[in-house]
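Residue 641 is where the sequence shown ends in our numbering, and the numbering goes up by one at each step. To start, the structure under review is shown below, and the notes come after it.
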Amino acid sequence: MKKERNIFGKILMVLTIVFFYMPIIFMVVFSFNESKSLTHFTGFSLRWYEAMLKNHGMMESLYVTIIIALLATIVSTFVGTITAIGLSKSKKVIRNLVTQINDFPMMNPEIVTAIGLMLLFITFKVERGFVTLLLAHIAFCIPYVMLSVMPKIRSLDPNLADAAMDLGATPWQALSKVIVPQIMPGIVSGALIAFTMSFDDFIISYFSTGGGVKNLSIMVYTMSKRVNPSINAISTLVVVLITIVLVLVNVVPMIQKRTPEKTSKNPWKKCVVGALVVVLAFFGFTRFGSSIQNKPYEGQTLHIYNWGEYTGEEVLGMFEEMTGAKVVMDNFDSNEQMYIKVANGESYDILVPSDYMIQRLIQEDMLQKLDKSKIQSGLDQLNPDVLGLPYDPNNDYSVPYFWGTVGIVYDKTKVSLEDLKKDGFGIFLDEKYKGDIYLYDSERDSFMMALKDLGYSMNTSNEQELQAAYDWLVQSVQTMEPEIVTDEIIDNMAQGRKALGLIYSGDAAYVMSENEDMGFYMPETGTNIWSDAMVIPKNAKNVDLAHEFINFMCTYEAAMDNSSYVGYTSPNLEVMDELSSEGGDYDGINAYVPRTGYEKDEVFEYNEVSRKIISDLWSRVKVVASNAE
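This is the structure:
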């Protein structure tokens with residue numbers, strides 16, 4: 013019986029190890045994947061490590077993460093240790109009060125702390141960036157250090173310091189040579205916890221930073237919105253660096269113990285310092301290794317607010333090399349998130365909102381007119397079909413960045429083209445595909461689908477028509493058992509996990525390039541022709557450089573890198589034709605080339621009344637969907 017228990021215990025231990033380390037092994041393996049897929053290994057390649065090293069923003073975020081974590085650890089360890097020692101000599105009432113205050117941030121939900129810090133910085137008009145991020149990290153690390161140090165202090169003889177001073181030690185010597193060595197295990201464990209918490213934090217960092225300063229967790233969050241295996245590459249690099257540090261800290265002292273004559277009092281300290289010097293030297297080289305001189309915009313910084321993973325691998329580096337300027341790009345998840353920041357006065361030089369949001373920004377006088385004399389050479393290269401759209405008829409305020417449609421991605425082995433032609437968007441009500449469909453978690457596109465299938469305009473503000481669309485969607489979620497997703501539909505459909513789903517054309521182009529069994533269909537009842545465009549807000553600080561960037565993004569070289577990497581349709585006519593022609597990246601992929609000139613297709617218009625109604629009704633649809641599960 014005892015033997016069986018031992019075997020069971022070993023099996024459980026092995027399974028536990030596998031559970032914890034298999035995701036890391038999986039991540040490392042797929043960092044060498046040849047394709048963009050995060051789940052299907054297609055061949056060995058170092059392309060994502062090359063992309064990572066060339067990505068200025070990614071390497072900058074890793075550098076910021078390590079510097080913030082080190083500084084926060086040093087300051088919080090010093091403050092936390094001194095505070096804990098001071099409390100041990102304080103009155104019980106004060107000690108209990110401070111202990112309760114110290115415990116509160118650790119029990120408090122992180123989101124509450126994050127919002128509190130953000131409001132604090134806004135109230136005192138402190139510009140958010142590196143300093144605010146560091147202060148926030150120090151604030152939440154100190155309690156963990158105190159929690160680790162205080163038990164060690166309680167275990168000490170309270171007369172230890174007095175005894176040291178009776179023997180001739182000064183107060184500082186009593187503290188540094190007697191007390192601190194006794195509590196060193198607690199200090200080290202507190203420092204390690206502080207470093208780990210700082211390195212790993214996302215929520216507090218997200219609300220405490222600004223001005224383009226991002227740590228690794230924020231960068232990975234924005235990257236995960238679209239498929240990018242560079243996430244695996246940079247995560248693998250972090251794992252390798254941590255492994256090297258752990259080996260140095262643990263193995264070198266063991267070796268030195270076998271050679272007593274060379275053993276120092278604290279060999280592990282030298283190992284840690286040496287490892288940190290190597291790490292900082294590496295990141296210092298990657299950050300400052302190349303200098304740009306004698307360029308027209310040298311020393312200037314361009315701040316861009318764009319969608320996550322919406323930029324080519326080379327394009328920002330090309331622009332920095334050409335101009336000498338530095339590009340800082342922040343990312344947003346939705347037009348509404350972008351609007352809130354801009355409406356609250358946050359300054360950017362370029363925004364990349366969608367059609368209806370550009371219309372809103374124009375109406376609210378938040379954009380400045382473009383100087384077309386500075387961007388005419390770029391405008392001349394664009395497709396006429398994406399110029400002069402209803403939200404900005406003369407392109408006075410905007411220049412297209414990407415454009416496309418919304419349609420149905422489907423597995424040709426499961427869904428017939430005849431069904432699609434017969435049903436259109438109504439296929440999402442066909443019980444033949446029950447439990448085998450994706451709905452996109454977008455109130456506008458979901459209602460567009462329902463309204464178009466019912467024969468209505470997607471820009472309607474008629475409450476009866478909107479109610480009919482709501483009933484259509486409720487019927488779909490109640491009878492079809494759909495999975496409501498966002499960008500995870502991309503990789504899932506590339507793997508053929510469901511029969512069909514609502515998707516943006518650029519995402520469908522990637523899916524079709526990864527899986528030849530996938531197709532893309534635009535219903536004859538019409539769909540959404542969308543456009544994301546570059547605009548300059550009224551409070552932009554670097555207007556000339558913003559025009560330079562807009563003009564640059566229209567050029568063949570920039571547009572080719574942008575579109576071939578991201579997968580959305582380029583407004584540059586030559587690039588679109590080349591990528592969709594025979595031998596191009598999207599040869600034979602109909603999703604890449606938007607349908608044009610079809611009278612039933614529409615562009616979204618901004619209407620505050622219908623927006624509020626649709627937002628409320630979509631929330632109800634999701635409640636119905638959750639209850640139906």
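Even for Gly, the Cβ is constructed at its ideal location relative to N, Cα and C. For clarity, every value in this text was computed on a predicted model and none was experimentally measured.
Output the boundary residues of the beta strand (DSSP E) element that contains residue i.
| i | result |
| --- | --- |
| Gly531 | Met530 to Tyr533 |
| Ile352 | Premise fails: Ile352 lies in the alpha helix (DSSP H), Asn347 to Ala355, not in any beta strand (DSSP E). |
| Ile502 | That residue, Ile502, is in no beta strand (DSSP E); its alpha helix (DSSP H) goes Glu500 to Ala506. |
| Gly419 | Ser410 to Asp423 |
| Glu495 | Glu495 to Val497 |
| Leu109 | Careful: Leu109 lies outside any beta strand (DSSP E), inside the alpha helix (DSSP H) at Lys104 to Met119. |
| Leu451 | Ile449 to Tyr452 |
How many angstroms separate the CA atom of residue i from the CA atom of residue j?
| i | j | result |
| --- | --- | --- |
| Ser582 | Phe331 | 18 Å |
| Asn395 | Lys424 | 31 Å |
| Asn639 | Ile123 | 27 Å |
| Arg623 | Arg456 | 8 Å |
| Leu466 | Asp115 | 57 Å |
| Val200 | Thr95 | 16 Å |
| Phe90 | Pro183 | 17 Å |
| Ile216 | His149 | 8 Å |
| Glu617 | Glu376 | 14 Å |
| Lys10 | Gln312 | No answer is possible for residue 10: it lies beyond the span of the chain, which begins at 13 and ends at 641. |
| Thr298 | Met71 | Annotation note: pLDDT 48 at Thr298 (below 50); position unreliable, no value reported. |
| Val232 | Ile243 | 6 Å |
| Gly202 | Gly21 | 31 Å |
| Pro494 | Ala570 | 39 Å |
| Leu228 | Gly222 | 14 Å |
| Gly579 | Ile515 | 13 Å |
| Ala481 | Gly436 | 15 Å |
| Met34 | Leu131 | 40 Å |
| Gly329 | Val257 | 31 Å |
| Val26 | Ile19 | 11 Å |
| Ala506 | Asn527 | 6 Å |
| Leu159 | Met470 | 57 Å |
| Thr234 | Tyr445 | 33 Å |
| Arg107 | Pro155 | 14 Å |
So for residue i, helix, strand or coil by DSSP?
| i | result |
| --- | --- |
| Asn471 | coil |
| Lys137 | coil |
| Ile338 | First, the residue type needs correcting, since residue 338 is Lys and not Ile in the sequence shown. Strand at Lys338. |
| Asn318 | strand |
| Gly513 | strand |
| Ile304 | Any answer about Ile304 is weak, because its pLDDT of 43 lies below 50 and its placement is not dependable; what the coordinates show is given next. Residue state, collapsed to three classes: coil. |
| Asp483 | helix |
| Gly180 | coil |
| Glu376 | coil |
| Leu382 | coil |
| Ser366 | strand |
| Asn244 | helix |
| Leu585 | helix |
| Leu58 | coil |
| Phe616 | coil |
Under 8 Å by Cβ, that's how I've got residue i and residue j pegged, so tell me the actual separation to the nearest angstrom.
| i | j | result |
| --- | --- | --- |
| Val636 | Gln490 | 6 Å |
| Ser389 | Asn584 | Not quite, the Cβ-Cβ distance comes to about 12 Å (not below 8 Å), so this is no contact. |
| Met534 | Arg607 | 6 Å |
| Val427 | Met460 | Contact doesn't hold; Cβ gap of about 21 Å is too wide. |
| Ser88 | Cys153 | 4 Å |
| Ser210 | Thr85 | 6 Å |
| Ser592 | Tyr604 | 5 Å |
| Tyr12 | Val633 | The structure shown does not extend to residue 12, since the chain is modelled only from 13 to 641, so the question has no answer here. |
What are the start and end residues of the alpha helix (DSSP H) that includes residue i?
| i | result |
| --- | --- |
| Ser543 | Element bounds for Ser543: not the alpha helix (DSSP H) but the beta strand (DSSP E), Ile541 to Val547. |
| Thr77 | His68 to Ser100 |
| Ile195 | Val192 to Asp212 |
| Leu401 | No alpha helix (DSSP H) contains Leu401, which DSSP labels as neither H nor E. |
| Arg456 | Glu455 to Asp465 |
Pick out whichever of the options has its Cα sitting closest to the Cα of residue i.
| i | options | result |
| --- | --- | --- |
| Lys510 | Ala603, Asp442, Val421 and Asn356 | Val421 |
| Ile230 | Ser160, Asp342 and Ala206 | Asp342 |
| Asn474 | Thr54, Phe20, Asp212 and Ile626 | Ile626 |
| Gly1 | Ser242, Asp573, Ser593 and Gly538 | Residue 1 cannot be examined here, being either before or after the span of the chain that is shown, 13 to 641. |
| Lys433 | Asn407, Phe532 and Val547 | Phe532 |
| Ser517 | Ile541, Glu536 and Glu495 | Ile541 |
| Asp613 | Asp397, Val192 and Val340 | Asp397 |
| Gly416 | Ser366, Ala126 and Leu168 | Ser366 |
| Glu586 | Thr567, Tyr322, Met130 and Gly595 | Thr567 |
| Glu348 | Ile370, Thr234, Ala173 and Gly329 | Ile370 |
| Gly513 | Asn527, Glu526, Ser543 and Val497 | Val497 |
| Val621 | Tyr413, Gly357 and Thr472 | Thr472 |
| Lys104 | Glu310, Phe56 and Arg166 | Arg166 |
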